[in-house]
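Worksheet: the structure to be examined is printed underneath.
There are 2 protein chains.
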Amino acid sequence: MSRQAPTLEDVAREAGVSRATVSRVVNGVRNVDPAIQDLVRRAIERTGYAPNQAARQLVTRRTTTVALVVSGAGDASDTEQNAFATRVFADPFFGRVVGGVVGHLRPRRMHPVLMFAETPEARREVVAYLRQGGADGALVVSTHPDDPLPALLAGAGMPAVLFARPGRPVPLSYVDLAHRDGGRLAAEHLLERGCRRPATVTGPLAVAASQERLAGFRDTLARHGHPHVPVAEGGFTVDSGMAAMASLLAEHPDTDGVFTANDLMAQGAVQVLRDHGRRVPQDVAVVGFDDSSVAVTCRPRLTTVRQPVEEMAATMARLLDDHIKGARTEPTSVIFDPELVVRDSA
Amino acid sequence: MSRQAPTLEDVAREAGVSRATVSRVVNGVRNVDPAIQDLVRRAIERTGYAPNQAARQLVTRRTTTVALVVSGAGDASDTEQNAFATRVFADPFFGRVVGGVVGHLRPRRMHPVLMFAETPEARREVVAYLRQGGADGALVVSTHPDDPLPALLAGAGMPAVLFARPGRPVPLSYVDLAHRDGGRLAAEHLLERGCRRPATVTGPLAVAASQERLAGFRDTLARHGHPHVPVAEGGFTVDSGMAAMASLLAEHPDTDGVFTANDLMAQGAVQVLRDHGRRVPQDVAVVGFDDSSVAVTCRPRLTTVRQPVEEMAATMARLLDDHIKGARTEPTSVIFDPELVVRDSA
DNA sequence: GGCGCGTGGTAGAGCGCTCTCCTGCCGTGT
DNA sequence: ACACGGCAGGAGAGCGCTCTACCACGCGCC
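As given, the protein sequences belong to chains A and B, one line each in that order.
Mapping the first sequence onto our numbering, position 74 (from 1) lands on 88, and the numbers just tick up by one.
Mapping the second sequence onto our numbering, position 74 (from 1) lands on 88, and the numbers just tick up by one.
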């Protein structure tokens with residue numbers, strides 16, 4: 015790459031036409047004589063021309079990227095920062111988000127810039143990046159209900175779409191799941207299986223989704239003669255699922271059915287159950303949530319409430335596209351329906 | 015964002031200096047009178063100025079991004095494309111790569127653009143993106159030994175660094191692990207535990223790393239009186255680990271120690287072992303590879319050969335930086351040492 | 001036959017920044 | 001006192017592209 019890259023000018027000279035004509039051919043805009051089109055294309059071929067993105071961006075004020083931000087709320091120290099990315103991607107959930115986003119972006123020749131915003135410093139960097147025109151908008155996945163990033167983005171007037179309804183109302187579009195229905199689905203399945211002593215391991219109760227999954231689960235059980243359901247709070251990790259299950263078992267050894275608010279915790283719960291001599295699903299039935307990859311890789315394979323993460327992520331990207339193009343100005347929300355997937359654990 | 019964003023010109027006017035001076039203050043280049051610096055900074059504050067990346071890129075010919083490419087070798091159909099991302103990130107390995115890369119990039123205000131290159135079409139797109147100046151270079155993680163992308167990149171003269179030595183020699187820098195030593199470490203540990211009938215589940219034997227882990231394992235055992243070691247080939251997934259373990263067990267029911275070429279397969283092997291009534295580690299000891307997050311979340315926790323993926327990824331980013339800056343012109347390789355991490359499975 | 005009109009092309013003005021060159025002004029040495 | 005080096009700040013030329021004019025030309029129309 016030592017010698018200068020060819021420019022539009024070079025191609026134009028080579029083809030014997032003007033810069034504008036070449037530009038039109040490249041961008042497929044306006045009518046250009048087929049013969050000339052061919053001429054130009056041949057010249058492009060010969061010169062090995064590739065349009066300069068920076069120059070194009072400068073005039074169109076559009077990039078070919080969107081920021082894909084995984085956001086926390088903490089004040090993590092510098093040393094913890096790298097670990098954040100590792101930790102985040104340890105949950106198969108994020109891989110699915112990436113898959114969904116890329117699925118929408120790719121056919122449009124757009125690409126995601128990966129950013130992490132778990133500290134005030136990092137959040138500033140994200141906003142700065144957007145303001146400098148590094149990306150056209152942001153797709154935000156928060157890991158914490160008090161995440162200040164959405165408000166920052168909305169305040170800066172940047173196009174942004176969230177995964178899940180923000181803790182505090184923010185004038186931004188988002189996609190979400192009917193979590194309450196998910197809880198209901200889990201309850202109904204446990205009931206149908208004949209569970210008499212259901213319990214649940216929730217996600218962090220500060221998270222709205224956890225609250226709603228619990229509410230759906232609880233309400234459904236209450237309606238079927240189970241006014242009091244043992245509850246233990248977890249943190250969406252395997253370890254927290256183990257701890258929660260252990261405490262549940264200590265206080266309610268007769269538990270015969272557990273709904274855990276995600277698959278990772280279900281995995282932990284199953285392990286603890288086994289360690290305590292319970293067979294799953296014979297002695298205790300376990301229903302997870304998400305239908306992530308671990309649901310099929312762990313044994314027994316998990317019966318779980320499916321969250322269509324890829325679809326949700328793709329929709330998120332579509333909404334952002336609309337906002338960027340100006341085709342949509344009002345914040346919108348799209349809510350997806352969960353679905354029960356029956357496997358071996360319940 | 016309806017009204018025009020402020021430009022250098024606006025700040026200059028506001029501060030009563032020239033554009034060049036403002037630019038110098040912003041970029042911290044050359045000496046500028048402290049009083050004037052202050053004046054300019056205040057003007058920036060007031061106007062809410064943010065430098066336009068596109069304009070800057072146009073003249074400096076440098077972006078603030080590098081491509082982080084996960085690459086395959088296949089001709090996957092369109093419908094499989096989205097799944098590729100999901101599948102890739104189901105392995106905790108990639109999350110660690112991202113963590114390491116971001117750890118290096120972030121302090122330098124650089125960001126990774128995530129790209130997937132599992133089809134010829136997608137590979138072309140990656141090369142085109144780089145040639146158009148969308149990113150300054152590429153960090154490539156191949157999932158397949160015959161991946162044509164490295165050669166494409168080298169041919170185009172694009173700065174690029176690979177994770178793992180490429181199948182065919184390519185004049186590109188890379189980082190890698192001393193896989194052979196890893197195999198040796200596993201063998202030695204199994205031997206020390208008193209295993210009499212060791213066996214191994216390898217990765218895809220087309221992958222050099224799999225070959226070397228196997229060679230290291232085999233050679234060490236041979237040197238200690240085990241000239242023949244049962245081998246089953248896996249595919250680095252939980253399922254393939256299960257299948258491989260099952261076949262191993264069928265032919266060699268007296269196996270008392272297994273080295274699996276990654277942790278995911280170790281997890282699968284443990285499950286199959288359990289299903290066949292073997293206790294781990296009492297009846298059969300299992301040593302994994304990678305020290306990924308599953309090593310500590312699964313039960314029993316895995317004894318495994320640690321691969322310092324984050325460090326390796328960070329080094330990859332550093333090498334790329336050097337190449338981009340021109341501080342390094344010759345392809346270089348950096349080889350890391352594996353380390354045995356003893357937990358419960360062996 | 002002049003005129004409007006659609007078609008296919010050119011010319012050239014920016015987009016916002018960096019960076020080289022230049023100028024004016026000090027301090028210093030002889 | 002004067003030449004001169006060094007340094008701070010300004011002027012202005014691009015970087016490579018898009019896009020709005022604008023022009024040339026041929027056609028059908030009254």
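C-beta: ideal position from N, C-alpha, C; glycine also.
I'd like to know whether the C-beta of residue i is nearer than 8 Å to at least one C-beta of chain B.
i, result
"F177 (chain A)", "no"
"F108 (chain A)", "yes"
"M15 (chain A)", "Any answer about M15 (chain A) is weak, because its pLDDT of 40 lies below 50 and its placement is not dependable; what the coordinates show is given next. Yes, its Cβ sits closer than 8 Å to a Cβ of chain B."
"H125 (chain A)", "yes"
"T78 (chain A)", "yes"
"L205 (chain A)", "no"
"N41 (chain A)", "no"
"M326 (chain A)", "no"
"S307 (chain A)", "yes"
"F350 (chain A)", "no"
"Q146 (chain A)", "yes"
"V154 (chain A)", "no"
"L22 (chain A)", "no"
"M129 (chain A)", "yes"
Is residue i close to chain A, meaning its C-beta is less than 8 Å from at least one C-beta of that chain?
i, result
"Q285 (chain B)", "yes"
"G151 (chain B)", "no"
"T311 (chain B)", "yes"
"N276 (chain B)", "no"
"V298 (chain B)", "no"
"V355 (chain B)", "no"
"Q225 (chain B)", "no"
"R137 (chain B)", "no"
"F103 (chain B)", "yes"
"A246 (chain B)", "no"
"M259 (chain B)", "no"
Drop a sphere of 10 angstroms on the beta-carbon of residue i, count the other beta-carbons inside from all chains shown, and report buried for 16 or more, exposed for fewer.
i, result
"I349 (chain A)", "exposed"
"S32 (chain A)", "exposed"
"S187 (chain B)", "buried"
"G239 (chain A)", "exposed"
"Q18 (chain A)", "exposed"
"H242 (chain A)", "exposed"
"R76 (chain B)", "exposed"
"E23 (chain B)", "exposed"
"R292 (chain A)", "buried"
"T74 (chain A)", "exposed"
"D305 (chain A)", "buried"
DSSP puts residue i in a beta bridge; with which residues?
i, result
"S187 (chain B)", "B:V175"
"T79 (chain B)", "B:H125"
"S37 (chain B)", "None; S37 (chain B) has no bridge partner."
"P212 (chain A)", "A:G271"
"E325 (chain A)", "Looking at the DSSP assignment, E325 (chain A) forms no beta bridge with any residue, so it has no partner."
"F103 (chain A)", "For F103 (chain A), which the question treats as bridged, DSSP gives no partner whatsoever."
"D304 (chain B)", "B:R320"
"A152 (chain B)", "B:A81, B:A174"
Only counting the same chain, and skipping five residues up and downstream in sequence, which positions put a Cβ closer than 7 Å to that of residue i?
i, result
"P173 (chain B)", "D150, G151, L334, H337, I338"
"A220 (chain B)", "P159"
"R194 (chain A)", "E226, A229, G230"
"A200 (chain B)", "F231, F273, V301, V319"
Between residue i and the rest of its own chain, which residues show a CB-CB distance below 8 Å, the 5 nearest in sequence each way excluded?
i, result
"F250 (chain B)", "D105, G217, P218, A275, N276, L278, M279"
"E28 (chain A)", "A57, R60, T61"
"V25 (chain A)", "V36, V54, A57, I58, T61, Y63"
"V102 (chain A)", "V84, F108, F130, T157"
"T343 (chain A)", "H337"
Please go through the same chain and pick out, in chain order, the residues whose beta-carbon is closer than 6 Å to the beta-carbon of residue i, but skip the five residues on each side of it.
i, result
"F98 (chain A)", "F130, E132"
"H158 (chain B)", "G86, A87"
"S16 (chain A)", "Residue confidence for S16 (chain A) is low, a pLDDT of 41 falling below 50, so the modelled location carries little weight and cannot support an answer."
"A81 (chain B)", "V127, M129, A149, A152"
"S347 (chain A)", "Y188"
"R315 (chain B)", "R357, D358"
"E324 (chain B)", "R110, G113, G114"
"D161 (chain B)", "S85, A87"
"M124 (chain B)", "T78"
If contact is defined by three or more beta carbon pairs under 8 Å, each pair taking one atom from either stretch, is the segment 266-274 of chain A in contact with the segment 201-217 of chain A?
yes
Count the C-beta pairs between the segment 288-302 of chain A and the segment 40-50 of chain A that are closer than 8 Å, then say yes if the count reaches three, no if not.
no
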